[in-house]
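Residue numbers (the UniProt record's numbering): 1 to 96. We put the CB at the ideal spot given by N, CA and C, even for glycine. Please read all numbers here as calculations on a predicted model, not as lab measurements. Report on one structure; see the data block that follows.
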Amino acid sequence: MVRPTTPVPSTANTAAESAAGSPVHARTVEHKNAVRAWVTDLARQSGAAEPESLARQLTLLLDGGLAGGVLDGDPAVADAAKRSARALVDAALRER
């Protein structure tokens, strides 16, 4: 799978500011789905017990971490997100 390249913060803004069903909104949803599919593929390759669940958790964390980082302007947000992601991955790999 090809790694998605559209910046996530602008995608989140676009999703919030575009009308549901519009072409812009549809493209935003398509990108979000591509990111989740990419993360699901990585989770599956890693041997996670439930790759779809892990991918949903990680993409939720990614969205929150990016939004928090932009809003707070604090590099510690990225560190906290990394630690949280590591804990999720470690737990998913222990469950297999």
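Take the Cβ of Q57 as the centre, count every other Cβ of all protein chains shown within 10 Å, and call the residue buried at 16 or more, exposed below. Answer is buried; the Cβ neighbour count reaches 16.
Continuous alpha helix (DSSP H) stretch holding A34: start and end: In this chain, the alpha helix (DSSP H) harbouring A34 covers 23-46.
Give, in chain order, every unbroken run of the beta strand (DSSP E) that is at least 3 residues long and sits entirely within the stretch 44-80. Correct list: empty.
Quick check on DSSP: helix, strand or coil for S18? Assigned with DSSP and collapsed to three states, S18 falls in coil, not helix or strand.
Straight-line CA distance for V89 to E30? When rounded, the distance between both Cα atoms is 25 Å.
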